[in-house]
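Enquirer:
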Amino acid sequence: MSLNSDFQKLFVDGLITLFELDASNLGAGILRFHGHISFQDWEKIYSYAGSDSLIGSDTEMIGKIFGKGDQKVWQRNIIFNGQTYEPMALEVSGLEMRSDGKASAPTLSMANNIAGIQGAVSAYCRRFKDFAGVKVKVIRTLAKYLDAENFSGGNASASPSEAKTQLWFIEQKTSENVQQVTFELSNPIDFEGLKIPVRNITGYCDEAVRGRYRGETCKYTGMKYFTDKDEPTDDPSQDRCRGGFKSCKIRFNAENFCGFISSNMIG
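Using numbering that gives the first Met the number 0, read the sequence shown as starting at 0 and increasing by one per residue.
Shown next as structure tokens:
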């Protein structure tokens, strides 16, 4: 049975999510993490893979088990497709692909700790431009497809090709403290098929030119109405945006003008 068939079931068992941060363009190499650190999760992972013992649970061959209150945390690696993914407390939201045309803006929150070094993510950010532009690969597979090295009795169903991958980029760092660092991600699919340059350099507002006046990206929702000659009117049906700098300024101080005011200076 393939991963596609598994995902078509009403309930998917043993879902594994892995993260690969490729910061090679900044000189930081590739960092690989996973967020499966609950001991109970690992018991389920081994069960889904058909294994009856947890490799490293008593020998510490892979990771260490810590007690946190009434819960046990197992800080151990996951090996998939020959690559090692280190454990990290992390949270990610908004990775779904939208069908309404709006751009997705997921967030990735990482514990500010790598391999026991507190503040390690902050240190990376200081040295490598807050990871802006770093490629984030999100890999989803199932426990039964993990490499045999993860299990004491091996894994006959191990298959690194059974994985789904999403690609994102770190847009910006949005928050940082001693406990965690949060990043906003952008979706490269939003730019797929666009030709460069995607905008003409003119003195007119791009939102007005594209017919998006009073739309979500224009953001003007005021009660002032103007004709296509920038003349005030009380008739909403006559409301038009000419697209010039003045058109934007008389509405809301030009703070959202999407044109190039100095375009006439380009020779």
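Note that CB positions come from ideal geometry on N, CA and C, so glycine has one too.
Using the beta-carbon count (16 or more within 10 Å), is glycine 192 buried or exposed?
Expert: On the sequence shown, position 193 is the one that residue 192 refers to. Low confidence applies to glycine 192: its pLDDT is 49, below 50, so where it sits in the model is not reliable enough to give any reading.
Enquirer: When you compare only the Cα positions, how much space is there between lysine 43 and glutamine 179?
Expert: Looking up residue 43 in the sequence shown gives position 44. Looking up residue 179 in the sequence shown gives position 180. Rounded to whole angstroms, lysine 43 to glutamine 179 spans 27 Å at the Cα level.
Enquirer: Do you know how far the Cα of glutamate 215 is from the Cα of threonine 226?
Expert: Counting from one through the sequence shown, the residue named residue 226 turns up at place 227. Counting from one through the sequence shown, the residue named residue 215 turns up at place 216. The straight-line gap from Cα to Cα measures roughly 21 Å.
Enquirer: Can you have a look at glutamate 230 and say buried or exposed, based on whether 16 or more other CB atoms are within 10 angstroms of its CB?
Expert: As a working mapping, residue 230 is identified with position 231 in the sequence shown. Exposed.
Enquirer: In its own chain, which residues sit with a C-beta less than 8 Å from the C-beta of isoleucine 195, not counting the 5 before and 5 after it?
Expert: Here residue 195 refers to the residue found at position 196 of the sequence shown. With a pLDDT of 49 at isoleucine 195, under the threshold of 50, the modelled position of this residue cannot be trusted, and the question is left open.
Enquirer: For the alpha helix (DSSP H) holding alanine 157, just list the boundary residues, first then last.
Expert: Residue numbering aside, residue 157 sits at position 158 when the sequence shown is read from its first letter. That residue, alanine 157, is in no alpha helix (DSSP H); it is neither H nor E in DSSP.
Enquirer: Is the distance from the Cβ of glutamate 161 to the Cβ of alanine 114 below 8 Å?
Expert: Numbered from its first residue, the sequence shown carries residue 161 at position 162. Numbered from its first residue, the sequence shown carries residue 114 at position 115. Against a cut-off of 8 Å, the Cβ pair of alanine 114 and glutamate 161 comes out as no contact.
Enquirer: Would DSSP call isoleucine 36 helix, strand or coil?
Expert: As a position in the sequence shown, residue 36 is number 37, starting the count at 1. Residue state, collapsed to three classes: coil.
Enquirer: What is the DSSP secondary structure of arginine 250, counted as helix, strand or coil?
Expert: For this step, residue 250 is matched to residue 251 along the sequence shown. Correct three-state label for arginine 250: helix.
Enquirer: What separation, rounded to the nearest whole angstrom, lies between the Cα atoms of alanine 131 and aspartate 21?
Expert: As a first step, residue 131 is located in the sequence shown; it is residue number 132 there, counting from the start. As a first step, residue 21 is located in the sequence shown; it is residue number 22 there, counting from the start. If I take the Cα positions, the gap works out to 11 Å.
Enquirer: Going by the CB atoms, is the gap between phenylalanine 182 and threonine 140 shorter than 8 Å?
Expert: Within the sequence shown, numbered from 1, the residue matching residue 140 stands at position 141. Within the sequence shown, numbered from 1, the residue matching residue 182 stands at position 183. It is not a contact, given that the beta carbons lie outside the stated cut-off.
Enquirer: Can you grab the Cα-Cα spacing for the pair threonine 164 / serine 151, in whole Å?
Expert: Looking up residue 164 in the sequence shown gives position 165. Looking up residue 151 in the sequence shown gives position 152. Their backbone Cα atoms lie some 27 Å apart in a straight line.
Enquirer: Output the distance between the C-alpha atoms of histidine 33 and tyrosine 219, rounded to the nearest integer angstrom.
Expert: The residue you call residue 33 lines up with position 34 of the sequence shown. The residue you call residue 219 lines up with position 220 of the sequence shown. Distance between the alpha carbons of histidine 33 and tyrosine 219: 42 Å.
Enquirer: Report all residues from its chain with a CB closer than 8 Å to the CB of lysine 128; omit the five preceding and five following residues, and keep chain order.
Expert: By one-based count along the sequence shown, residue 128 stands at place 129. The answer, listed in chain order, is Leu25.
Enquirer: Once you ignore the five residues that flank threonine 173 on each side, which residues in its own chain have a CB closer than 6 Å to its CB?
Expert: Numbered from its first residue, the sequence shown carries residue 173 at position 174. Answer for threonine 173: Thr181 and Glu183, listed in chain order.
Enquirer: Report yes if the C-beta distance between glycine 242 and cysteine 204 is below 8 Å; otherwise report no.
Expert: By 1-based counting over the sequence shown, the position of residue 242 is 243. By 1-based counting over the sequence shown, the position of residue 204 is 205. Closer than 8 Å, so yes.
Enquirer: Starting from asparagine 121, trace the alpha helix (DSSP H) both ways and give me its first and last residue.
Expert: On the sequence shown, position 122 is the one that residue 121 refers to. The identity of residue 121 in the sequence shown is serine, whereas the question assumes asparagine. Unbroken alpha helix (DSSP H) run through serine 121: 119-126.
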